[in-house]
Amino acid sequence: MGNNPDTYLLYECGKKLSYTMRMKYRLDEAIDVRLLEEAAMEAFARYPYFSVKVGLDENQNYTLIPNDKPIAVLQEQDLRVVLGSEEVNGHLFFISYKDDTVYFNASHSLCGGFGLLFWVKTTLYSYMCKKYGQIDPPKDLKLPGSPVTEGELFYPDENTLPKNEPISRYDGGNSNLAIGRFLRYMFNPFAKDCYYYEIEIPADKFMEYAKTVDGSPYTILTAMMYKVCAYLFREKKGTHISGRIAADYRKDIGAGESYRDFVRFIHVKYEWNMRNESISKLSMRARGAMVFQNQPELACERFVRLQDAHRGIDAQPDLKQKRKYAARNSTFRSDPRDNYTVSYLGPVDYGGMQQHIKSIYNITDGDLMLEVTALDDRFFIAFQLIDKNRKPLNLFLDILKTENIPFEVSERKVRHLPSIQLPE
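Each residue of the sequence shown is one higher than the one before, starting from 38 at the first, in the working numbering.
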């Protein structure tokens with residue numbers, strides 16, 4: 038392949054699907070805009086692989102061109118900003134702010150949540166040091182001016198990966214239960230604003246509960262969302278309810294330090310007659326799915342399939358055909374269809390910055406999707422929906438109450454995910 042691997046998801050992007058994300062950090066004081074702008078410039082310079090704009094080469098392949106314009110730092114205006122536009126200096130990243138909150142906005146094509154955190158931490162650390170003086174850094178902090186490492190840039194050679202047969206595969210198939218809802222979102226997610234609610238849970242209470250049911254944040258939330266869907270949807274003969282758990286597989290392919298997005302999904306199949314089972318038992322079913330599907334062999338297969346799709350894009354004669362091929366052979370859209378998704382970045386080290394962070398919410402595409410982040414003392418759940426109907430949220434909150442898990446919940450919020458502008 039002659040193209041940068043960071044470009045291939047762009048072929049699937051457009052007016053109806055942009056693969057973008059936002060990380061929202063509420064701090065303990067109002068944002069000092071001057072200091073944020075200084076920190077943003079210093080931090081972004083540390084990431085030359087993010088300091089790019091999208092172009093087209095002579096073969097109508099998307100290509101990433103170095104972009105020496107500054108990263109945009111904009112006042113949050115509660116509207117959808119366009120990545121790649123003049124407003125953001127052609128970048129696929131920008132920062133926005135409002136009152137005491139900073140938003141980090143990015144294209145998923147160049148990185149996943151872990152790669153985004155590289156940039157986020159560098160920016161926040163630089164900002165806080167300017168504002169408060171020297172503070173203890175996270176252990177994995179990439180300081181402004183430090184060299185880019187080989188591990189950051191590493192991209193596996195598929196021919197060096199083992200090709201062993203996995204012990205088992207998911208054979209549950211698609212959940213066709215909510216096909217209307219799925220298609221409505223999949224084919225036009227930007228037809229109107231999508232929404233989310235912020236849920237905060239004390240970490241000590243949540244982890245104490247996890248011990249009593251022998252579960253983890255992943256498996257517990259997967260079990261709870263099954264109960265939500267079991268009461269939300271009408272039972273149909275021959276159908277099932279399934280959830281997906283986002284699983285990062287970079288370590289399985291030797292790319293543990295990479296900024297790129299290496300994510301696949303664990304599928305958890307539930308039957309209708311399980312709706313009265315305890316959270317403990319439903320969580321155990323999710324844990325079993327993770328054990329059987331979270332295999333290095335499946336990760337390697339996923340990566341090889343991704344490379345096949347990339348070669349197929351390269352082989353197309355023009356941009357229109359490349360985009361058409363990418364959509365039809367998407368590794369994401371060809372996954373089994375599930376009713377809901379749970380995504381959790383896991384514990385993140387913020388060092389001394391944590392004392393100044395009040396909340397963190399990860400905002401992405403997705404319907405009936407939980408994006409989970411955490412500090413040492415609190416879990417934060419962005420409960421994401423495609424419409425204003427609160428019933429799914431209310432069902433979820435009722436389960437938390439039944440299980441005696443304390444929480445706080447916000448009013449409905451609009452996601453304002455960025456769209457994207459690409460050369461034609």
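Note that beta-carbon positions come from the ideal geometry of N, C-alpha and C, so glycine has one too.
Is residue i helix, strand or coil by DSSP?
{"i": "M38", "result": "Caution applies to M38, whose pLDDT of 43 falls short of 50 and renders its modelled position unreliable; the value that the coordinates give is listed next. It is coil, neither helix nor strand."}
{"i": "A267", "result": "helix"}
{"i": "E74", "result": "helix"}
{"i": "F131", "result": "strand"}
{"i": "A67", "result": "coil"}
{"i": "D358", "result": "One detail in the question is off: residue 358 reads as Gln in this sequence, not Asp. Three-state result, Q358: helix."}
{"i": "I204", "result": "coil"}
{"i": "I236", "result": "strand"}
{"i": "Y255", "result": "helix"}
{"i": "V409", "result": "strand"}
{"i": "Q391", "result": "helix"}
{"i": "K176", "result": "coil"}
{"i": "L111", "result": "strand"}
{"i": "K52", "result": "coil"}
Using DSSP bridges, identify the partner residues of residue i.
{"i": "L120", "result": "I457"}
{"i": "H304", "result": "R281"}
{"i": "I102", "result": "K90"}
{"i": "V451", "result": "Y232"}
Can you give the Cα-Cα distance for residue i and residue j, rounded to whole angstroms?
{"i": "M38", "j": "V118", "result": "Low per-residue confidence applies at M38: pLDDT is 43, beneath 50, and the placement is therefore not dependable, though the value from the model is reported in the following sentence. Approximately 32 Å, taken between the alpha carbons."}
{"i": "Y263", "j": "Y232", "result": "20 Å"}
{"i": "P181", "j": "R427", "result": "43 Å"}
{"i": "R287", "j": "L73", "result": "31 Å"}
{"i": "A76", "j": "G188", "result": "24 Å"}
{"i": "S295", "j": "T159", "result": "16 Å"}
{"i": "E461", "j": "E49", "result": "13 Å"}
{"i": "R271", "j": "E308", "result": "13 Å"}
{"i": "K359", "j": "Q353", "result": "5 Å"}
{"i": "Y192", "j": "R297", "result": "8 Å"}
{"i": "A247", "j": "N431", "result": "22 Å"}
{"i": "K435", "j": "L407", "result": "One point to set straight first is that residue 435 is Asp, not Lys, in the sequence displayed. Going by the C-alpha atoms only, they are around 16 Å apart."}
{"i": "I394", "j": "G388", "result": "11 Å"}
What first and last residue would you give for the beta strand (DSSP E) that runs through residue i?
{"i": "A419", "result": "415-422"}
{"i": "R63", "result": "57-64"}
{"i": "K395", "result": "394-400"}
{"i": "S144", "result": "138-144"}
{"i": "V125", "result": "First-last for V125: undefined, no H or E at that position."}
{"i": "V379", "result": "377-381"}
Assuming residue i is part of the alpha helix (DSSP H), what are its boundary residues?
{"i": "Y164", "result": "150-169"}
{"i": "M321", "result": "316-330"}
{"i": "F433", "result": "428-439"}
{"i": "I290", "result": "Run containing I290: none; DSSP gives neither H nor E here."}
Once you ignore the five residues that flank residue i on each side, which residues in its own chain have a CB closer than 6 Å to its CB?
{"i": "V385", "result": "none"}
{"i": "K176", "result": "D386"}
{"i": "V341", "result": "E195"}
{"i": "K438", "result": "none"}
So, for residue i: in the same chain, excluding its five sequence neighbours on each side, which residues have a beta-carbon less than 7 Å away from its beta-carbon?
{"i": "A240", "result": "A411, D413, D414, R415, F416"}
Tell me which residues share the same chain as residue i and place their Cβ nearer than 8 Å to its Cβ, disregarding the 5 neighbours each side in the sequence.
{"i": "I132", "result": "L73, A77, I108, A109, V110, L111, V139, Y140, F141, N142, T160"}
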